[in-house]
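Residue numbers (the numbering used here): 29 to 119.
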């Protein structure tokens, strides 16, 4: 989520600070993914990581960038989160 937010900040204002933040956030994200692969199957860890990132990016967009809050959109974001939690619980 923070990596995607960093992309938006870098696209808005191309600076060395924003580029460094973008690289750091994605690096941290991949490190955390590697830790999760130690306790979950790779496919489940990646699916959960992707789901949380996608839904988190959408939620950050709604909160900070005034993206649409359509009820259908919120419903499907909730489904992504529900599926990610479900995958974690059955693994």
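We put the beta carbon where it would ideally sit given N, CA and C, even for glycine.
Rounded straight-line distance, which links the Cα of residue j to that of residue i
i, j, result
"residue 116", "residue 68", "8 Å"
"residue 49", "residue 65", "24 Å"
"residue 37", "residue 46", "7 Å"
"residue 88", "residue 61", "20 Å"
"residue 83", "residue 55", "19 Å"
"residue 99", "residue 105", "10 Å"
"residue 44", "residue 118", "42 Å"
Environment of residue i [buried if 16+ CB atoms lie within 10 Å]
i, result
"residue 71", "exposed"
"residue 76", "buried"
"residue 107", "exposed"
"residue 112", "buried"
"residue 52", "exposed"
Among the options, the one whose alpha carbon lies nearest that of residue i
i, options, result
"residue 58", "29, 102, 109, 95", "29"
Cβ neighbours of residue i in the same chain (closer than 8 Å, five flanking residues each side left out)
i, result
"residue 96", "90"
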